[in-house]
Each structure stands twice: as structure tokens, then as C-alpha cells.
Amino acid sequence: MAEDALWPHVSLDDVARAQPDVRSVAGFLRWHPSCRLEQGSLALLNRLPPSLQPLEILLRSSVRLQLDLESVTVSQVHHILLHHGHRVQSLVLCLNEPPNVPLTALTLGRLATAIGHCVHATKLHIHVHHPQWRGRDIDPILHRLQDSNVVDFQLHASSYSGDLLSDSGSYALIAWLFQVPVMSFAWIDAEPYHSAVLSPAATRLAAALAASRTLRTINLSQSKMLLEACVQRPLPRTLRTLRIEYPHAPTSYTTQLKAQLAAARVMSLDLSWHPSTSVVTLLGPNLAQLTTLNLSHCYLMIQGSRAVGPLLPTLRALQHLILSANDLFDDGITAILPGLVGCSALESLRLDRNQLTDRSLAATVKTCRLCKRLRHIDLSDNLYTDETVLRLHKKPTVISRLCAITCPDASTIIPTVAAG
1076 MAEDALWPHV SLDDVARAQP DVRSVAGFLR WHPSCRLEQG SLALLNRLPP SLQPLEILLR
1136 SSVRLQLDLE SVTVSQVHHI LLHHGHRVQS LVLCLNEPPN VPLTALTLGR LATAIGHCVH
1196 ATKLHIHVHH PQWRGRDIDP ILHRLQDSNV VDFQLHASSY SGDLLSDSGS YALIAWLFQV
1256 PVMSFAWIDA EPYHSAVLSP AATRLAAALA ASRTLRTINL SQSKMLLEAC VQRPLPRTLR
1316 TLRIEYPHAP TSYTTQLKAQ LAAARVMSLD LSWHPSTSVV TLLGPNLAQL TTLNLSHCYL
1376 MIQGSRAVGP LLPTLRALQH LILSANDLFD DGITAILPGL VGCSALESLR LDRNQLTDRS
1436 LAATVKTCRL CKRLRHIDLS DNLYTDETVL RLHKKPTVIS RLCAITCPDA STIIPTVAAG
């Protein structure tokens, strides 16, 4: 597990508003010198309020910055990183250039130069959504990776023209994958891909991903070209988390994916938006090691639920199951419930947005009581009556004294024992 996942980060904005004991904050920062800043608190980088002045020397000398910039222009990013890039460890960018101004290769090249100032950064996430830009203009940023310390990279691109993954970009990514111990790679590409032949760039990158000895997380959601290239090769042996949203996945792809999953050691699998027939094909004893399974938006409905229910007991290690937005209806959840009893390790269950009514609630509660390790169930955005919601609030221990319930009104009730 990465260090950033083990320890919390101080939010400079929260500290400025709460004004706690500065000595306590300074002591924590010396122990874990990492500070999170969002876009609204960037001014604090240049000037701290009087109450936080004792932190200034510490912040400028040894504290690493985790920047989360939700809506910025390239000019803003360039200015920030020019002055503070050497202290940035994590950089999350969502570009928001004016839509009437083309996002040119020169502009993205300037962004790549700015990112180059983050010499100590280990995490780089970029979201580019603009109506006027060429996909291959992202190449300068990809070329920066091979000379960086980035081990967690994500690109989310949309509304571009041409190819997003060029030959030059693929070679840059391959060099990065072999030179840096990359742990997480995400390439999210929502644009339609209609070619019947895989591009050499996609085939090349898929081979490099398969050969990696350090990758633990891959997210290729909606990137149909890369998804179809990757299922033709074994998954990395070190891979533990795989996210592969694929609406309308073809049967040939599903068959290949099933074979690759059987030989892999994936523990967290996201199959969101896969057709229900694909889900039924993929589930089974070959996924017995799974601890997390996301089947949201697979539209299982009643027929798919009847097929999935008997397969759930084969997932013996399953701890977290997400069935959000599947239009299960009462008959569908009733078909799935018997299978949940066989998931003895289940800790959390999401059933939100499934058109459930009072008719299936009693059976749901009864089944959840049999799941002795269950700690949270989400029933929000369903069709329960107000009387049912009131009853849940009056009796928060209706499932167990340890299981929290997210109610249909989106509030979460926590039993007293669990809260303590």
C-alpha cells in the first residue's frame, strides 16, 4: 500500500477555518509532512493568516503538497507550478479552458513544461474536456512521464479529434512503464472507437502493461480500443484492482476476458455498464479471490438477477458488493438475496437506485441479518414509503447492532454501538 493511503493529509483550508492549536498541527506535519490544498485555498500558499504564521517555515521547507485543482486554465497551472512545483507530490488537474478558444498543441506543451517543475510528484491525474483539441497533442505530457517519479497516472480525455493514443505517445508510455515502478495506470477514453483493426499503438501499449511487474491498479474504463487489445494478453501478475467499464461489450471480448481473469489474481473488479449477459458469463469460481465487485449500471433487472444470484456464493472472499442502478425491482432483489447468504465475508452492500419497495424490505432485512459481518447497507433512492423510512430511523439496529443503514432519504443511521 502506498504511503499516501496509510496516513491522512492535513487540509490547509480546514486548518485555516478551524484555527486549531498551531503547535499540534506543526507536530503532525513534522511526523507526516504532507498537506492537501484544493483550488479555493491556493491563496494560502502565498500568504498564511496571522494565526498560522508559525507554520510558514515548515510549509516552505519540508511539507509536500497534494494539489487538487478542479477547474483551472493552463495559465493558472503554469503560474502555480512555476512557483510551487518543486514541493508538489500529488497533482490532480481538471482543465477548464474557454470552449470558444481552441486547445492547441502549444497550450498543452506549456502544460507539459509546467508539470516538468513537479520533480518530486508521484501522482498525476489529468482530465481534459474541450470541444476543440486534437488527441495527439497530449503527447508532450506523456513524454514528461519517462523523466519523472510518477507511479500513479490517470488521463481522462473526451471531445477530442483524431487519435488520442499516437505512436509517439505509446512509445513514451512504454518507456515510462519500464523505467519507473508504476503502480497505477488509468486511461479513460469515452470517445467512440469504430475501427475493426486494433492500432499498433494500442497493441504495443497493451503488451507493455501485460509485462509490468509492479502494476497493481489498471483503469481502462470506456477505452474500447485498449480494452480489446489488453484482453488478448495475460493481465499483469501483480494486478489487484481492475476497472473496465464497457457498455455493449461484445461476446468475443467477454470470452477472452473470462480466460484472463481466471489466470490473474485480481481482488477488486469493476464491471460497471457491462451487459448483464457478460456479467453472468464472467462470474464464477474463477473469481473466488475477489473482495470487491462493482456491478452498477449493468441493468440486471429481474432476469439477470435470477442468473447472478446462484453465482454469488462462489465468491467466497467477497466483502464489498455494489449493485447500484440495476433496476432490480422487488422480484430481482428477492432472486439475489439467497445468494448473498453464501457470501460469509460480506461487509458492505449497495442496493441504491433499484426501484425497490416495501414489498421486498422484510426479506432484505432478514437476509442481511444472516450476513454476520455486514457493516453497511445502502438503500437510498428507492421507492420505500415515508412510514418505512420513519421505522428505519426509529430502529437503527433493525439489521444488527453493528450495521449502518443509508436510508431511502439519503441519511445514514448508525447504531449506537457502531458509532461508539
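Final position of the sequence shown in this note's numbering is 1495; the numbers increase by one with none missing.
Where a beta carbon is used, it is the ideal one built from N, C-alpha and C, also for glycine.
- Sixteen is the threshold: since fewer than 16 other Cβ atoms of the shown chains lie within 10 Å of the Cβ of A1334, the residue is exposed.
- Within the region 1283–1369, the complete beta strand (DSSP E) segments of 3 residues or longer fall at 1292–1294, 1316–1318, 1343–1345 and 1367–1369, listed in chain order.
- Apart from the 5 residues on each side of it in sequence, W1251 sits with its Cβ closer than 6 Å to the Cβ of L1220 and Q1221 in its chain, given in chain order.
- The closest CA to that of P1173, considering only I1201, I1190 and P1206, is found on P1206.
- For I1411, same chain residues with a beta-carbon under 6 Å away, outside a window of 5 residues either side, are S1380 and G1384 in chain order.
- DSSP, read as helix, strand or coil, puts S1371 in coil.
- Residue pairing from DSSP places A1232 in a beta bridge opposite V1203 and D1264.
- Boundaries of the alpha helix (DSSP H) around E1462: D1461 to K1469.
- Within the same chain, and ignoring the five residues on either side of H1200 in sequence, the residues whose Cβ sits closer than 6 Å to its Cβ are V1167 and Q1229.
- In the structure shown, I1155 falls within a helical segment according to DSSP collapsed to helix, strand and coil.
- Per DSSP, reduced to three states, the secondary structure at H1451 is strand.
- Under the 10 Å beta carbon count, R1288 is surrounded by fewer than 16 other beta carbons and is classified as exposed.
- E1145 is classed as exposed because its beta carbon has fewer than 16 other beta carbons within 10 Å across all chains shown.
- Counting along the chain, Q1164 sits inside the beta strand (DSSP E) bounded by residues V1163 to L1170.
- Under the three-state reduction of DSSP output, Q1254 falls in the helix class.
- Straight-line spacing of the CA atoms in S1353 and T1329 works out to 6 Å.
- One thing to note: E1422 has its Cβ within 7 Å of the Cβ of R1448.
- Bridge partners of D1143 according to DSSP: E1113 and V1167.
- By the criterion of a C-beta distance shorter than 7 Å, A1277 is surrounded in its chain by L1240, M1300, L1301 and A1304, once the five residues flanking it on both sides are discounted.
- Counting the other CB atoms within 10 Å of its CB gives V1176 a total below 16, which places it among the exposed residues.
- Where A1189 is concerned, the enclosing alpha helix (DSSP H) starts and stops at A1180 to I1190.
- Non-local beta-carbon contacts of Q1364 in its own chain, meaning distances under 8 Å to residues more than five positions away in sequence, involve R1340, V1341, M1342 and A1392 in chain order.
- Contact between R1211 and I1249 does not hold, since the beta-carbon distance rounds to 16 Å and is not under 8 Å.
- Assigned with DSSP and collapsed to three states, A1479 falls in strand.
- When DSSP states are grouped into helix, strand and coil, T1487 belongs to the strand group.
- Close CB contacts of L1424 within its chain, under the 6 Å cut and outside five residues either way in sequence, are with L1396 and I1452 (chain order).
- Residue pairing of R1425 in beta bridges, as defined by DSSP: I1397 and D1453.
- Note on E1320: 16 or more other CB atoms within 10 angstroms of its CB, so buried under the neighbour-count rule.
- At least 7 Å separates the beta-carbon of T1432 from that of D1456.
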